[in-house]
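According to the UniProt record's numbering, the sequence shown is numbered sequentially starting from 1. Glycine residues also receive a C-beta, built at the ideal position from the N, C-alpha and C atoms. It should be emphasised that the depicted structure is a prediction, and the values quoted were computed from it without experimental measurement. So the structure is just underneath, and the comments pick up after that.
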Amino acid sequence: MLSSDHSPSEPALKLLREGNFLKAWGGISSLQFVLPVTWTYGKKHGVTFEEMVSWWSEKPAKLAGLNSKGSIVSGKDADIVIWQPETEFDLDDNHPIHLKHPSISAYLGSRLSGKVLATFVRGNIVFREGKHAPNACGVPILAT
Numbered sequence: 001m002l003s004s005d006h007s008p009s010e011p012a013l014k015l016l017r018e019g020n021f022l023k024a025w026g027g028i029s030s031l032q033f034v035l036p037v038t039w040t041y042g043k044k045h046g047v048t049f050e051e052m053v054s055w056w057s058e059k060p061a062k063l064a065g066l067n068s069k070g071s072i073v074s075g076k077d078a079d080i081v082i083w084q085p086e087t088e089f090d091l092d093d094n095h096p097i098h099l100k101h102p103s104i105s106a107y108l109g110s111r112l113s114g115k116v117l118a119t120f121v122r123g124n125i126v127f128r129e130g131k132h133a134p135n136a137c138g139v140p141i142l143a144t
């Protein structure tokens with residue numbers, strides 16, 4: 001199972017000039033790149049698509065006791081990502097999707113594989129072609 005510490009911050013909170021890692025704000029803005037990063041580096045080390053599905057869907061849902069999530073089965077929530085796994089892109093200062101502070105991105109300068117085309121939450125489209133839905137449809141999920 002994998003996890004992401006999506007914790008964006010202003011560059012000043014990273015204390016780059018001080019170089020004090022222990023006092024700096026932890027985490028990075030990374031959730032939007034978690035699928036391409038996992039796929040890009042996983043492929044290089046023999047990770048299969050099925051393993052990735054398990055790491056990012058099945059195992060987290062099982063750990064949290066969320067029986068309505070984690071797989072594509074009749075009766076479960078239709079939480080689905082549509083993507084092109086072989087499409088490559090360069091993550092640079094000109095990347096259009098959610099790179100608020102590129103100077104502190106851990107992935108800046110990387111060539112990544114796997115372009116997300118659309119995301120559905122409970123069957124509702126929440127992201128398509130670089131744009132978010134005008135209204136959120138998600139709800140807080142508590143572990144059972």
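Report the three-state DSSP secondary structure of residue i (helix, strand or coil).
i, result
"residue 150", "Since the first and last residues shown for the chain are 1 and 144, residue 150 lies out of range."
"G42", "helix"
"P140", "coil"
Give me whichever residues DSSP pairs with residue i in a beta bridge.
i, result
"F120", "I80 and I125"
"D90", "R111"
"K23", "Answer is none; K23 lacks a bridge partner."
"I28", "H6"
"K131", "R128"
What does the alpha-carbon distance come out to for the pair residue i and residue j?
i, j, result
"W56", "E18", "35 Å"
"I125", "K62", "24 Å"
"S30", "E51", "20 Å"
"A136", "G123", "13 Å"
Since residue i and residue j should fall inside the 8 Å C-beta cutoff, what is the C-beta to C-beta distance between them, to a whole number of angstroms?
i, j, result
"A118", "I82", "4 Å"
"V37", "Y107", "6 Å"
Inset, instruction - Please confirm if the stretch 111-120 is in contact with the stretch 65-74, defined as three or more CB-CB distances below 8 Å between the two stretches. - result: no
Inset, instruction - Examine the Cβ distances between the stretch 70-87 and the stretch 3-14 and report whether three or more of them are shorter than 8 Å. - result: no
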